[in-house]
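Number of protein chains: 2
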Amino acid sequence: MKKGRVTITDIARELRIAPSTVSRALKDHPALKKETKDAVRALAKKLDYQPNLLALNLLQKKSNTIGVIVPEITSHFFSAIITGIQDVIGSSEYNIMICLSNESYEEEAVIIKKLLKIQVDGVLVSPTSATKNFDHFRTLQKNDIPVVVFDRDCPGLEADKVLVDDYAGAFQAVEYLIKSGCTRIAHLGGPLNLSTTKHRLQGYLDALEEAGIPIRKEYIEHVPGFSHDDGLKPAEKLLKLEDLPDAIFAMNDNIAISAMHIARKMALKIPEDISIVGFDDEPHSSYFRPSLSTVWQPVYSLGMLSARIILHRLNDKGPQKNFRQEVFKPELVLRASSRECASRKNDKVKL
Amino acid sequence: MKKGRVTITDIARELRIAPSTVSRALKDHPALKKETKDAVRALAKKLDYQPNLLALNLLQKKSNTIGVIVPEITSHFFSAIITGIQDVIGSSEYNIMICLSNESYEEEAVIIKKLLKIQVDGVLVSPTSATKNFDHFRTLQKNDIPVVVFDRDCPGLEADKVLVDDYAGAFQAVEYLIKSGCTRIAHLGGPLNLSTTKHRLQGYLDALEEAGIPIRKEYIEHVPGFSHDDGLKPAEKLLKLEDLPDAIFAMNDNIAISAMHIARKMALKIPEDISIVGFDDEPHSSYFRPSLSTVWQPVYSLGMLSARIILHRLNDKGPQKNFRQEVFKPELVLRASSRECASRKNDKVKL
DNA sequence: AAAGACTATGCAAAGGTTTGCATTTTCCTA
DNA sequence: TAGGAAAATGCAAACCTTTGCATAGTCTTT
């Protein structure tokens, strides 16, 4: 009785056959006769043989690991995407390694190096808001590691992409605000080099333009981050304007909630005095008073599809080409923080 | 020029020395003379040599991976813990592999098997609310894989543990409610076999008892899950009692917010008619109106400490004994959903 | 000049599995 | 029963690195 786990050689020795035969028996190789296979399988089961994946990894030069790079996981948005990814990858042969870039380009670059070092087989990535150059992702591709970009686009990078039509979501939201009678619509936007927030801004601008409402620069504020606290000052700035906005379209729910917070402090009535619409539909957004109108994104599906695409790439093994670009449609969720719209008066308002 | 990455043998061949010499040169072995080392290092740098971790893993029979098992990551609670873990492990030689058990004992057991298969070096785990038997964790330990339990205790399991004094947190919260004049204090509790929610219930009970307030069975409801929606029905049940509670201590913020939601629907004034206190201090809790009084937990530190402890175990390599048990103190955070307390009137109420 | 000490480097095994090719065994046919 | 085909199994290399031990080389000392 030796220590350590049972190896293929242990089984071979006990059966007085070669390790290669054991290996083949376990993989049901056609050249082996049934008795041998049966004997091997029986003993393997009896000894509770577990193949040594570490050895396999070396042999196959792959780690069976897929790296997932996200800016953070404390928001519901990314954690729900990861849950979707996990649910798909979990039932495959692969493991996932979640890496947090903390919205820092430098950390992201370090993570890429680490993933190269451990020889991941593929990478799912949502770049940081500071990432303008995508060469580190190209390095992965040059090493035959497929890259799937999700949610946040990397313009110019040729890779599979799973995105959300942020432009359409924003356009719809602002279009609704206009229809509901708002004319002085402000925007709390995010970083300008981030595809998602850039497209949301563009949707806002185009919706105004289409309605013939002139763009007012002072109605657009950019927030320094994505959490509640980051929205407070910019929201205050908007709400202290002489010509008070009658609506705010915020780039995410957290910021929308900051705006609601400030509005209430200033004794503004929501939505009578000011409508507020967010983006993301975080789970608690419907529990605020008034409940927050927002734009829902299919986060879980987005995670699942991204995972499926990379699994497909990993099975295909061909040269990387014919990249897919999938775009999910977001949906406007109307609740109580926006006024009712004449043409929609009969629609039910959720919650 | 051969394809694939540069190996130690490539360097050896080019320098006409043995691979072992190259290996030693790169590790600054004292027996080698300086010129050899310099030559090797120079060439290694020139060729951008990257050690093959897969080979090392096989040789050392370790994967350099630490498994982290959590019930979910969509709550701020666990995602913040994971961020703490990541921040510590990230600067070590180890990688972390996050696994979601979805509050299912079966999935947790499957995860353990998977982690054994890939030969993780250590495991950090917060068990599911359905886990009553800890033998699968003991299996890890028998395979010399250190286990660190965090947040949710596994009674009877000998392992390092990083916990929160939920009892004290709950006791303080309820004690405060009593001091603030509440007498009909209800509790929205969680699963009874989960250490955290069990201790919160016990803290509630003992605080009442110490104040000489009789326990009323109808004032205690157990919710089926941890999210907002799970709290609605139980909260409604409490608020439809003939003898209406004048306070609710909820087992977490989500449930507290459900209770606030129902209370408002019933036109109850918070905190005048009813005080509500949660547990967790989620980031958005202070943005509700009224802002939620709750019990804060040092989630980030909890993650960091858990990670440090397992790193320590992994470096120590000795037999597993002298298990540590660290208990963090939570803190009552008073906001506007609870009445002011006579003896505390001068304390500032946060936010 | 030979023995001994020391320095620098190489050899080979180990870690577990897979797989192309070689070899053995079996069985059938002439 | 030899010959050959077919079936079953074994050999050894490969994946890459580390490390105990052996060896080659150099220098010192008597």
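These protein sequence lines map, in sequence, to chains A and B. Each residue of the first sequence is one higher than the one before, starting from 1 at the first, in our numbering. Each residue of the second sequence is one higher than the one before, starting from 352 at the first, in our numbering. The beta carbon of each residue, even a glycine, is placed where N, CA and C say it ideally should be. Just so you know, these numbers come straight off a predicted model, no measurement behind them.
Beta carbon proximity, residue i to chain A, threshold 9 Å
i, result
"Met655(B)", "no"
"Glu682(B)", "no"
"Asn484(B)", "no"
"Asn603(B)", "no"
"Leu514(B)", "no"
"Met704(B)", "Within the shown structure, residues of chain B are numbered from 352 to 702, placing residue 704(B) beyond reach of any answer."
"Leu467(B)", "yes"
"Ser414(B)", "yes"
Closer than 9 Å to chain B by CB, residue i
i, result
"Thr139(A)", "no"
"Glu72(A)", "yes"
"Ser293(A)", "no"
"Glu272(A)", "no"
"Leu15(A)", "no"
"Thr196(A)", "no"
"Val349(A)", "In this prediction, Val349(A) scores a pLDDT of 46, lower than 50, which makes its location untrustworthy; the coordinate-derived value is nonetheless stated afterwards. Chain B contact via Cβ: absent."
"Ser79(A)", "yes"
"Pro283(A)", "yes"
"Ala352(A)", "Look at the range of chain A in this structure, 1 to 351, and you will see that residue 352(A) is not part of it."
"Cys99(A)", "yes"
"Arg289(A)", "yes"
"Met1(A)", "Unreliable positioning characterises Met1(A) in this predicted model, as indicated by a pLDDT of 39, which lies under 50. The coordinate reading is nonetheless provided below. Judged by the 9 Å Cβ criterion, Met1(A) is not in contact with chain B."
"Lys345(A)", "Below a pLDDT of 50, predicted positions are generally treated as unreliable, and Lys345(A), at 45, falls in that range; the measurement from the model is reported next regardless. Closer than 9 Å: no."
"His136(A)", "no"
Where residue i falls, given that 16 or more other Cβ within 10 Å makes a residue buried
i, result
"Asn494(B)", "exposed"
"Glu526(B)", "buried"
"Gly203(A)", "buried"
"Ile215(A)", "exposed"
"Ser477(B)", "buried"
"Pro506(B)", "exposed"
"Leu59(A)", "exposed"
"Ala363(B)", "buried"
"Leu54(A)", "buried"
"Ser688(B)", "buried"
"Thr358(A)", "A query on residue 358(A) cannot be resolved here, the shown segment of chain A reaching from 1 to 351 and no further."
"Ala393(B)", "exposed"
Nonlocal neighbours in the same chain, by C-beta distance under 7 Å from residue i, ignoring five residues either side
i, result
"Ile661(B)", "Ile417, Gly473, Leu475, Pro497 and Val499"
"Pro191(A)", "Ser129 and Thr197"
"Leu205(A)", "Ile215"
"Glu218(A)", "Leu241"
Residue j beta carbon less than 9 Å from that of residue i
i, j, result
"Leu188(A)", "Ile255(A)", "yes"
"His87(A)", "Gly303(A)", "Per the sequence shown, the amino acid found at residue 87(A) is Asp instead of His. Yes, these two residues count as a Cβ contact at 9 Å."
"Asp594(B)", "Arg535(B)", "yes"
"Ala537(B)", "Ile571(B)", "yes"
"His573(B)", "Ile608(B)", "no"
"Leu238(A)", "Leu268(A)", "no"
"Asp511(B)", "Arg367(B)", "no"
"Glu677(B)", "Leu514(B)", "yes"
"Gln119(A)", "Asn57(A)", "yes"
Residue i: first and last residue of the uninterrupted alpha helix (DSSP H) it sits in
i, result
"His136(A)", "Asp135 to Lys142"
"Glu175(A)", "Asp166 to Lys179"
"Glu107(A)", "Tyr105 to Lys117"
"Ala658(B)", "Val650 to Asp667"
"Asn57(A)", "Leu53 to Gln60"
"Met611(B)", "Asp604 to Lys616"
"Thr294(A)", "Thr294(A) -> not in any alpha helix (DSSP H); beta strand (DSSP E) instead, spanning Thr294 to Trp296."
"Ile625(B)", "That residue, Ile625(B), is in no alpha helix (DSSP H); it is neither H nor E in DSSP."
Extent of the continuous beta strand (DSSP E) run through residue i
i, result
"Gln731(B)", "The structure shown does not extend to residue 731(B), since chain B spans only 352 to 702, so no value can be given for it."
"Ala31(A)", "It is not in any beta strand (DSSP E) - Ala31(A) carries neither H nor E in the DSSP assignment."
"Glu572(B)", "Ile571 to His573"
"Ile417(B)", "Thr416 to Val421"
Close Cβ partners of residue i (< 6 Å) along its chain, the five nearest in sequence each way excluded
i, result
"Lys483(B)", "Asn544"
"Pro422(B)", "Ser452, Glu454 and Thr479"
"Ala601(B)", "Leu539, Ala607, Ala610 and Gly629"
"Ser80(A)", "It should be noted that the sequence gives Ala, not Ser, for residue 80(A). Here the set comprises Val299 and Tyr300."
"Tyr94(A)", "Asn64 and Ile66"
"Asp631(B)", "Phe428, Asn603 and Asp604"
"Ser636(B)", "Asp604, Leu643 and Thr645"
"Asp502(B)", "Ser477"
"Tyr456(B)", "Thr479, Ala481 and Thr482"
Beta-carbon proximity list for residue i, same chain, < 8 Å, skipping 5 on both sides
i, result
"Ala407(A)", "Outside the displayed span of chain A (1 to 351) sits residue 407(A), for which this structure offers no information."
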